[in-house]
Amino acid sequence: MIRSVVRGIGSALPRRIMKNTDFEGIVDTTDEWIVQRTGIRQRHIAAEDETTASLGEAAARAALDAAGLTPADIDLVLLATSTPNNTFPATAVEIQQRLGMRHGFAFDMQAVCSGFVYAVTTADLYLRGGMARRVLLIGSETFSRILDWNDRSTCVLFGDGAGAIVLEAAEGQGTIADRGVLASSLRSDGTFKDKLFVDGGPSTTGTVGHLRMEGREVFKHAVGMITDVIEATYTQAGITSEDLDWFVPHQANRRIIDASAKKLGIAEEKVVVTVDRHGNTSAASVPLALSVAVADGRIKKGDLVLLEAMGGGFTWGAVLVRW
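With the working numbering applied, the sequence shown closes on residue 446, and no number is skipped along the way.
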């Protein structure tokens with residue numbers, strides 16, 4: 124059985140760090156207010172010369188180096204983003220060009236904060252279907268470009284950054300002991316479109332627009348929806364929360380992370396949390412958190428890792444991976 128195995132991981136963050144206290148002169152808020160409600164203490168904000176493509180390229184190169192591979196070894200560049208460099212072409216194509224690739228194919232995937240989880244599942248299908256041997260999978264965002272900096276309920280939540288992994292098709296035995304992607308579950312429901320969206324677009328306003336969110340509504344639905352796809356993934360794999368080594372959730376809000384882990388019976392010491400240092404980086408959130416946990420030695424080869432995310436749309440999903 125073909126499995127999609129992680130061969131390398133990398134990340135990239137903008138140079139500028141914006142702390143909670145930096146907002147006190149912009150909107151009516153305080154460090155205490157932000158930390159208490161979100162768990163966020165700082166985030167990285169892209170400079171004018173830092174874009175979704177440049178951050179994505181840097182993360183991609185780091186992942187390739189970690190895998191001991193070059194762009195010549197990649198068949199598909201798949202970018203999860205909601206903040207592309209241009210309306211078209213796909214920013215994945217620009218990253219392909221930046222890497223010096225004239226072969227293979229590249230495209231973007233848009234599922235907002237769930238983008239990376241959706242992209243892992245998509246890459247897994249390409250690899251198991253034989254259309255690619257190796258996939259360079261990137262989550263890169265510059266959400267600071269679509270924030271309303273006068274809206275204290277949203278501008279304090281988000282940051283910029285990129286994370287990337289290299290997935291490679293490898294032979295497995297078809298058991299839970301295999302390395303690679305083992306199970307996944309994806310969902311969406313457009314009924315909730317107006318709860319978290321950007322109020323602009325080429326076909327409607329002809330503008331980029333700004334992010335708008337009904338925070339309480341998102342929180343109300345988040346824990347139940349997350350639990351739903353995780354339990355579906357458990358059923359596919361024949362496991363429970365006790366079998367996990369690590370839980371790497373979307374880093375949107377510390378309270379959502381804690382409530383989800385508690386409802387699922389996942390021990391606190393198994394949860395990877397980076398929201399305090401990165402804020403919500405949308406599709407970059409999960410690979411950034413993964414990269415931190417791999418770099419500091421927590422996630423090791425053979426560990427059973429659960430990824431989860433929820434984003435505007437609503438979209439939500441979970442993926443189980445043997446590292």
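Beta carbons: idealized from backbone N, C-alpha and C, even for Gly.
Nothing here was measured: the structure is a model prediction, and the numbers come from that model.
{"Check": "N- and C-terminal bounds of the beta strand (DSSP E) containing proline 372", "Outcome": "369-372"}
{"Check": "Alpha-carbon spacing of tyrosine 357 relative to tryptophan 439, whole angstroms", "Outcome": "15 Å"}
{"Check": "Contacts around alanine 375, its chain only, beta-carbon distance under 6 Å, and the 5 residues preceding and following it disregarded", "Outcome": "Asn403"}
{"Check": "Reduced DSSP category for serine 307 - H, G, I as helix; E, B as strand; rest coil", "Outcome": "strand"}
{"Check": "The stretch 145-162 / the stretch 233-241 touching (three or more Cβ pairs under 8 Å)", "Outcome": "no"}
{"Check": "Touch test, the stretch 295-307 against the stretch 259-278, Cβ-Cβ under 8 Å, three pairs minimum", "Outcome": "no"}
{"Check": "Every unbroken alpha helix (DSSP H) inside the stretch 345-389 [4 residues or more]", "Outcome": "377-387"}
{"Check": "For isoleucine 132, the residue or residues it bridges with in DSSP", "Outcome": "Ile288"}
{"Check": "Integer-rounded CB distance, given that alanine 285 should sit under 8 Å from glycine 179", "Outcome": "5 Å"}
{"Check": "Tryptophan 156, DSSP secondary structure in three states", "Outcome": "helix"}
{"Check": "Beta-carbon separation (whole angstroms), phenylalanine 239 vs leucine 199, contact threshold 8 Å", "Outcome": "About 15 Å; that fails the 8 Å criterion."}
{"Check": "Pairwise C-alpha distance: proline 137 and alanine 170", "Outcome": "7 Å"}
{"Check": "Range of the contiguous alpha helix (DSSP H) that encloses aspartate 399", "Outcome": "398-401"}
{"Check": "Inter-residue spacing [alpha-carbon to alpha-carbon] between leucine 192 and asparagine 208", "Outcome": "26 Å"}
{"Check": "Arginine 339 burial status per 10 Å Cβ neighbour count (16 or more: buried)", "Outcome": "exposed"}
{"Check": "CA-to-CA distance, serine 237 to leucine 427, given in whole angstroms", "Outcome": "20 Å"}
{"Check": "Exposed unless 16 or more other CB atoms sit within 10 angstroms - verdict on aspartate 151", "Outcome": "exposed"}
{"Check": "Beta-carbon gap between alanine 293 and arginine 160 smaller than 8 Å", "Outcome": "no"}
{"Check": "Contact set for alanine 190: own chain, Cβ-Cβ below 7 Å, skip 5 residues either direction", "Outcome": "Arg130, Gly131 and Val289"}
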